[in-house]
Amino acid sequence: GAPAKADLRAWVLVLDWNPLVAFAHPEVYFRVATRPYEFRGTGQAETFAHATNCRDEDNRVTLAAFLDSVGPEATERWRERTWPLLLDG
Numbered sequence: 024g025a026p027a028k029a030d031l032r033a034w035v036l037v038l039d040w041n042p043l044v045a046f047a048h049p050e051v052y053f054r055v056a057t058r059p060y061e062f063r064g065t066g067q068a069e070t071f072a073h074a075t076n077c078r079d080e081d082n083r084v085t086l087a088a089f090l091d092s093v094g095p096e097a098t099e100r101w102r103e104r105t106w107p108l109l110l111d112g
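So in our numbering, the last spot in the sequence shown is 112, and the numbers never skip.
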């Protein structure tokens, strides 16, 4: 399929701001736009191609399903690099 906008959703519990004490639930998920993000001949993107909150279709994708669709090295890359960087952010 055509590329689509996606955003990462994570549950985070903040207990204190100074010093920051927070817990992040490891089961994140993605919301994927239900319409492909493609430009038409006018140079304009389709009007609702950016909408990931649209619930006219089920657009929630689990982390495991997303990583499976990306490729065999994606799970290790998520575990070893991406998730730790998100937690350090």
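Beta carbons: idealized from backbone N, C-alpha and C, even for Gly.
For a test of the three-state rule: what should DSSP assign to residue i, helix, strand or coil?
| i | result |
| --- | --- |
| T98 | helix |
In the DSSP output, which residue or residues are listed as bridge partners for residue i?
| i | result |
| --- | --- |
| W106 | None, per the DSSP bridge assignment. |
| V35 | A47 |
For residue i, verify whether its CB is less than 8 Å away from any heavy atom of the ligand MN.
| i | result |
| --- | --- |
| E50 | Inclusion of the ligand MN in the displayed structure is not the case, the ligand content being empty and no account of it being possible. |
So, is the C-beta of residue i closer than 9 Å to a C-beta in chain C?
| i | result |
| --- | --- |
| D30 | Reference to chain C is not applicable here, since this structure consists of a single protein chain. |
What are the start and end residues of the alpha helix (DSSP H) that includes residue i?
| i | result |
| --- | --- |
| D91 | 86-93 |
List the endpoints of the continuous beta strand (DSSP E) containing residue i.
| i | result |
| --- | --- |
| A29 | 29-32 |
Does residue i pass the burial test, meaning 16 or more other C-beta atoms within 10 Å, or should it be called exposed?
| i | result |
| --- | --- |
| L110 | exposed |
Does the stretch 33-51 come within contact of the stretch 93-100, defined as at least 3 CB pairs closer than 8 Å?
Touching, no, given that fewer than three Cβ pairs across the two stretches are closer than 8 Å.
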